[in-house]
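Engineer:
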Amino acid sequence: MTKYLGTLVLILFCYSLQAQISDKSFVVKETNDKITPDGILDELSWKTADKAKEFWQYFPLDTVQSKKQTDIKMMYDSDNLYVGITVYTAGKDYSIQSLKRDFRAGNSDNITLLFDTFNDGNNAFLFGINPYGVRREGLVSGGGLNLNGFTISWDVKWRGDSKIYDGYYTAEMVIPLTAFKFKEGVTKWRFNSYRFDTQSNENSTWMNIPQNQNIYGLTFMGDMIFEKPLGKYNTPLTIIPYVNMGSQEDFELNESNTKVNVGGDAKIAIGNSMNLDVTVNPDFSQVEVDNQVTNLTRFEVSLPEKRQFFIDNSDLFGSFGGGRDANPFFSRRIGIAKDTADNSIENKIIGGVRLSGKVTKGLRLGFLNLQTAEDLDENIASNNNTMLALQQNVFGRSNIGMFFINRQTFEDYEFQDPEDRYNRVAGIDYNLISDNNVWNGKFYLHKSFAHNTGKANLSSGAFMQYNSRNWNFFEDMVYIGEDFRSDLGFIRRTDIFKSATMIERVFWPEDSALQSHSFQFFPIMTWSPENDFLHTDYDLNGSWESKFNDQSEINVSYTHTYTYLFDEFDPTNLDDAIPLPNEVGYHYNFVSLEYQSDSRKRFAYSIEPTIGSFFNGDRFSLEAELFLRFQPKVFLSLAMNYDKISLPEPYSSTDIWLISPKIDVTFSKSIFWSTLVQYSNQRDNLGFNSRLQWRFAPLSDLFIVYNDNYFVNSFEPKYRSINLKLTYWLNI
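The sequence shown: position 480 = 1401 (this note's numbering), numbered continuously.
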């Protein structure tokens, strides 16, 4: 790690003076007019409002202004920010996925606004709307460097609507200032907007953003200047109670029960910059079911957090360490436990608190404490789960973060081993973002503490990325000691020293059907420090990626893999199968071809066949997704994974299927119905999840959720439940 500390010093020296890119601005005027968000810009004050204009193309080019322009006007008063938008289009043939809130933006017509209220280039609030007046809101963190810092699971109350005309549509938004966090007395926010226009095949942004940067990145932003300083708003108190009536039947255990749960959340704003979330007896029955995945590896798969309580400022807690190998805090660990058969089951959360936000202009604070319940029948202990995180901005957009995590059992349980009574992790991270996003990186050192653990209890890493128009490069180094533990984290494996290197050359042809294409070399090497640095794994991947002007894509890749098995492993996951022997290394190769069609179309699809060797045998895989829109009310999708694994005798061969059809119906902007079917013979499960949602008031819902699961081979029932849940969002 010494050479990487030296690299860090050099980078700090080179980038200690950073300036955020901002060369456009507009004035947000104060108003006394009452603005009705009906989508019609007929209030007189809109005529004198200043506007953000002259949008630039982001796709297919980034060197010209957009063909179809967009004008954004803003005003404010002591309570609200008012936004009036005029979006010019080629016609009325808009592409819309559904009428449901929090739509996916990339394959439909819409416009999104980004507000960096602390002017730090690290975090932003996101609000979007489409021609039908369907809204979405979200959060961007980590400078918007990648999708890990982008979420639309965040919810907040605001109003908005759109109106369609010949050659354009207009939209109005009324966003309470309480929806934002900002410093009292501020006169400027950083701002940008991006728009998807399917009819002109054009993506555009207010600030000119090069295509090698993310369209939602926070580097390239202009300024919105308030006519008068923003004052301290009235501190809101939000109460979100719920009532859930549910009936469950477990056919394997021959148990059934019917219960009524009552609980809720509270959101308390502390000043303009901090937020306190309180939850009592939380219930997440309405949260969308996880998508099942086919797992042919020896390691656990990470799935995204969808529970609203954990979303706000989630980067303060979850961005430490390496996201793939060494994440010390993974919020999905809370509320899940292992039963006596080593199956993952729900572990009830009794309640907890979560404090997060800005303490000063450059200092962020996060504190979380949740108590989970005991389940003596399943040998599950009651645990207190705590995390404290601090993050201080340095050198412009970079920051230093420190954290402490404590998972502890306060009672003595006979079934619990002494080393499982507590687990603590402390660490420090440095996150680098340069002024123009050409360089970004991360350096971290974490240490775990538990009863009678060994000395190899460190986790450390160094990551550095260079991103220019024609060349991309990153180097990622990870060390995780054999004794490192983070019970609330996502640690795929320990006792590794890993190096991942990516080199990519990008070409931007002119007057071609190709928008861009690139060649990439991506080797990943892994060693075992506790076994005299035995070379245990490597992947040597080479690929060619092409993107076309019609937004379709083709990718071709070749991978050579080496895997050394310390333990026996059966990739087929069949009962009574003979596992592959341990202490043996396996070389295998495979080729993949992926095609993605134009997602703007009513019918779109992607397909990816893979063929090659697999351990000591062969493998053929096929992944496919189909999408069909009967817009704007019906959206159909089908995901399929097929893996044919052929191993020599006496080892097993099998065909693994995962088929997931889904139907989404939006009867209106307030009534939604979705049904997901998941067939997985690897998990021996056929699951049905159907959810009817009626949004009878802003962010207040009535849910009916039906779950049914069957064994694949016998089609005998496993588990069935139905829930009727009512939630109400009350601002006091």
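Don't be surprised by glycine CBs; every beta carbon is placed ideally from N, CA and C.
Can you say whether residue 934 is buried or exposed, counting buried as having 16 or more other CB atoms within 10 angstroms of its CB?
Structural biologist: Residue mapping note: residue 934 aligns to position 13 of the sequence shown, counting from 1. For residue 934, the pLDDT reaches just 38, beneath the cut-off of 50, and the residue's location in the model is therefore unreliable, leaving the point undetermined.
Engineer: Could you give the first and the last residue of the continuous beta strand (DSSP E) run that contains residue 1629?
Structural biologist: Within the sequence shown, numbered from 1, the residue matching residue 1629 stands at position 708. Run containing residue 1629: 1621-1631, per the beta strand (DSSP E) assignment.
Engineer: With distances taken Cα to Cα, identify the nearest neighbour of residue 1031 among 1117, 1067 and 959.
Structural biologist: Taking the sequence shown and counting its residues from 1, one reaches residue 1031 at position 110. Nearest of 1117, 1067 and 959 to residue 1031, Cα basis: 1117.
Engineer: To the nearest angstrom, how far is it from the Cα of residue 1642 to the Cα of residue 1450?
Structural biologist: Looking up residue 1642 in the sequence shown gives position 721. Looking up residue 1450 in the sequence shown gives position 529. For residue 1642 and residue 1450, the distance between alpha carbons rounds to 47 Å.
Engineer: What are the residues that DSSP puts in a beta bridge with residue 1367?
Structural biologist: For the purposes of this step, residue 1367 is taken as residue 446 along the sequence shown, with counting starting at 1. 1348 and 1380.
Engineer: Between residue 1056 and residue 1303, what straight-line distance do the alpha-carbon atoms span, to the nearest angstrom?
Structural biologist: Here residue 1056 corresponds to residue number 135 of the sequence shown, with the count starting at 1. Here residue 1303 corresponds to residue number 382 of the sequence shown, with the count starting at 1. Using only the alpha carbons, I get a separation of about 40 Å.
Engineer: Going straight from the alpha carbon of residue 1364 to that of residue 1504, what length do you get?
Structural biologist: Numbered from 1 along the sequence shown, position 443 holds the residue referred to as residue 1364. Numbered from 1 along the sequence shown, position 583 holds the residue referred to as residue 1504. In a straight line, the C-alpha of residue 1364 is about 33 Å away from that of residue 1504.
Engineer: Mind checking which residues open and close the alpha helix (DSSP H) that includes residue 1237?
Structural biologist: For this step, residue 1237 is matched to residue 316 along the sequence shown. 1235-1239 is the extent of the alpha helix (DSSP H) around residue 1237.
Engineer: With 16 as the cutoff for other CB atoms within 10 Å, does residue 1079 come out buried or exposed?
Structural biologist: Working through the sequence shown from its first residue, we reach residue 1079 at position 158. The residue in question, residue 1079, is buried, as its Cβ has 16 or more Cβ neighbours within 10 Å.
Engineer: Contact between the stretch 1069-1087 and the stretch 1038-1051 is defined here as three or more beta-carbon pairs at a separation below 8 Å; is this criterion met?
Structural biologist: The answer is yes - the stretch 1038-1051 touches the stretch 1069-1087, with three or more Cβ pairs under 8 Å.
Engineer: When burial is assigned at 16 or more other CB atoms within 10 Å of the CB, is residue 1257 buried or exposed?
Structural biologist: Position 336 of the sequence shown, counting from 1, holds the residue named residue 1257. Exposed is the call here.
Engineer: Taking 7 Å as the limit between beta carbons, can you name the residues of its chain near residue 1225, skipping five residues before and five after?
Structural biologist: Taking the sequence shown and counting its residues from 1, the one referred to as residue 1225 is at position 304. Contacts found: none.
Engineer: Would you decide whether residue 1376 is buried or exposed? Buried here means 16 or more other CB atoms lie within 10 Å of its CB.
Structural biologist: Residue 1376 sits at position 455 when you count from the first residue of the sequence shown. Exposed, by the Cβ-count rule.
Engineer: Would you report the Cα separation of residue 1235 and residue 1571, rounded to the nearest angstrom?
Structural biologist: Taking the first residue of the sequence shown as 1, we reach residue 1235 at position 314. Taking the first residue of the sequence shown as 1, we reach residue 1571 at position 650. Between residue 1235 and residue 1571, the C-alpha separation is close to 48 Å.
Engineer: Inspect the beta-carbon positions of residue 1548 and residue 1524 and report whether they are closer than 8 Å.
Structural biologist: Along the sequence shown, one-based indexing puts residue 1548 at 627. Along the sequence shown, one-based indexing puts residue 1524 at 603. Going by C-beta atoms, residue 1548 is nearer than 8 Å to residue 1524.
Engineer: Which complete beta strand (DSSP E) runs does the stretch 1106-1189 hold, if anything under 3 residues is left out?
Structural biologist: DSSP runs (the beta strand (DSSP E)) wholly in the stretch 1106-1189: 1109-1118, 1123-1126, 1143-1147 and 1158-1171.
Engineer: Helix, strand or coil for residue 936 per DSSP?
Structural biologist: In the sequence shown, counting from the first residue as 1, residue 936 sits at position 15. Note that residue 936 scores a pLDDT of 41, beneath 50, so its modelled location is shaky; the value from the coordinates is reported in the next line. The answer is coil: DSSP assigns residue 936 none of H, G, I, E or B.
Engineer: Using the C-alpha atoms, what's the distance from residue 955 back to residue 1007?
Structural biologist: In the sequence shown, counting from the first residue as 1, residue 1007 sits at position 86. In the sequence shown, counting from the first residue as 1, residue 955 sits at position 34. Those two C-alpha atoms are separated by around 19 Å.
Engineer: When you compare the stretch 1393-1410 with the stretch 1093-1108, are there three or more beta-carbon pairs, one atom per stretch, that lie closer than 8 Å?
Structural biologist: No, because fewer than three Cβ pairs between the stretch 1393-1410 and the stretch 1093-1108 fall closer than 8 Å, the two stretches do not touch.
Engineer: With a threshold of 6 Å on Cβ separation, who are the neighbours of residue 1567 within its own chain once the five nearest residues in sequence on each side are excluded?
Structural biologist: Taking the sequence shown and counting its residues from 1, the one referred to as residue 1567 is at position 646. Counting only Cβ-Cβ distances below 6 Å, and skipping sequence neighbours, we find 1538, 1539 and 1574.
Engineer: Considering only C-alpha positions, which residue in the set 1223, 1627, 1251 and 1460 is nearest to residue 1485?
Structural biologist: What you label residue 1485 is simply residue 564 of the sequence shown in a count that begins at 1. Cα-wise, what sits closest to residue 1485 is 1460.
Engineer: Quickly, what does DSSP pair residue 1275 with across the bridge? List them, please.
Structural biologist: Translated into the one-based positions of the sequence shown, residue 1275 becomes position 354. Its beta-bridge partners are 1198 and 1289.
Engineer: In this structure, does DSSP put residue 1253 in helix, strand or coil?
Structural biologist: As a position in the sequence shown, residue 1253 is number 332, starting the count at 1. Three-state DSSP puts residue 1253 in a helix.
Engineer: Rounded to a whole number of angstroms, what is the C-alpha to C-alpha distance between residue 1142 and residue 1066?
Structural biologist: Position 221 of the sequence shown, counted from the start, is the residue given in the question as residue 1142. Position 145 of the sequence shown, counted from the start, is the residue given in the question as residue 1066. Cα-Cα distance, rounded: 14 Å.
Engineer: Using alpha carbons as the reference points, say which of 981, 1621, 1358 and 1565 lies closest to residue 1437.
Structural biologist: Residue numbering aside, residue 1437 sits at position 516 when the sequence shown is read from its first letter. Taking only the C-alpha atoms, the option nearest residue 1437 is 981.
Engineer: What residue from 1626, 1630, 1640 and 1652 has the CA that sits closest to residue 882's CA?
Structural biologist: Missing from the structure shown is residue 882; the chain here goes from 922 to 1653 and no further.
Engineer: With H, G and I counted as helix, E and B as strand and the rest as coil, what does DSSP make of residue 1440?
Structural biologist: Position 519 of the sequence shown holds residue 1440. Three-state DSSP puts residue 1440 in a strand.
Engineer: Among the candidates 1305, 1242 and 1612, whose CA atom is the shortest distance from the CA of residue 1270?
Structural biologist: Here residue 1270 corresponds to residue number 349 of the sequence shown, with the count starting at 1. When only C-alpha atoms are compared, the closest one is 1305.
Engineer: Quick one: grab the DSSP three-state call for residue 1000.
Structural biologist: Taking the sequence shown and counting its residues from 1, one reaches residue 1000 at position 79. The answer is coil: DSSP assigns residue 1000 none of H, G, I, E or B.
Engineer: Where in the stretch 948-986 do unbroken runs of the beta strand (DSSP E), each at least 3 residues long, occur, reported from the N-terminal end onward?
Structural biologist: You should have 977-980.
Engineer: Assign residue 1648 to one of two classes, buried (16 or more other C-beta atoms within 10 Å of its C-beta) or exposed (fewer than that).
Structural biologist: Taking the first residue of the sequence shown as position 1, residue 1648 is located at position 727. Buried.
Engineer: For residue 1272, which residues in the same chain have their Cβ closer than 7 Å to its Cβ, ignoring the five residues on either side in sequence?
Structural biologist: In the sequence shown, the residue the question calls residue 1272 occupies position 351. Cβ neighbours of residue 1272 beyond the five flanking positions: 1200, 1201, 1202 and 1292.
Engineer: Thinking C-beta only, is residue 996 closer than 8 Å to residue 1038?
Structural biologist: For this step, residue 1038 is matched to residue 117 along the sequence shown. For this step, residue 996 is matched to residue 75 along the sequence shown. Cβ distance not < 8 Å, so residue 1038 and residue 996 don't count as in contact.
Engineer: List the residues that DSSP assigns as beta-bridge partners of residue 1564.
Structural biologist: Looking up residue 1564 in the sequence shown gives position 643. Its beta-bridge partners are 1542 and 1577.
Engineer: Can you check DSSP and say which residues form a bridge with residue 1097?
Structural biologist: By one-based count along the sequence shown, residue 1097 stands at place 176. Residue 1097 pairs with 1001.
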